[in-house]
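So the sequence shown is numbered by the numbering used here: it starts at 1115 and just counts up by one.
Glycine included, each C-beta is placed from N, C-alpha and C at the ideal position.
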Amino acid sequence: MVAARALTLSETGVAALGAAVSTATRTEQAALSAVEPDDLRAVHRAMRSLLSALADG
């Protein structure tokens, strides 16, 4: 009886973990799809400028 209860709790925990991972993945995908290509280019330019400034000292 105790083993059956532990198994049920484990299955519930695994299901809850799977649901949390699925939700996090969907949230991340939505956030990434909201980023515009122009935004990415601007970030890339800023990073290049920063690296150049650091290299120049």
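If you draw a straight line from the alpha carbon of Gly-1127 to that of Ala-1133, how long is it in whole angstroms?
Counting from 1 along the sequence shown, the entry for residue 1127 is found at position 13. Counting from 1 along the sequence shown, the entry for residue 1133 is found at position 19. One C-alpha to the other measures close to 10 Å.
Is DSSP giving Ala-1138 helix, strand or coil here?
Here the question's residue 1138 lines up with position 24 in the sequence shown. In the structure shown, Ala-1138 sits in a helix (DSSP, three-state: H, G or I).
Considering just the uninterrupted stretch of the alpha helix (DSSP H) at Ala-1148, what are its terminal residues?
As a first step, residue 1148 is located in the sequence shown; it is residue number 34 there, counting from the start. Where Ala-1148 is concerned, there is no enclosing alpha helix (DSSP H), given that its DSSP letter is neither H nor E.
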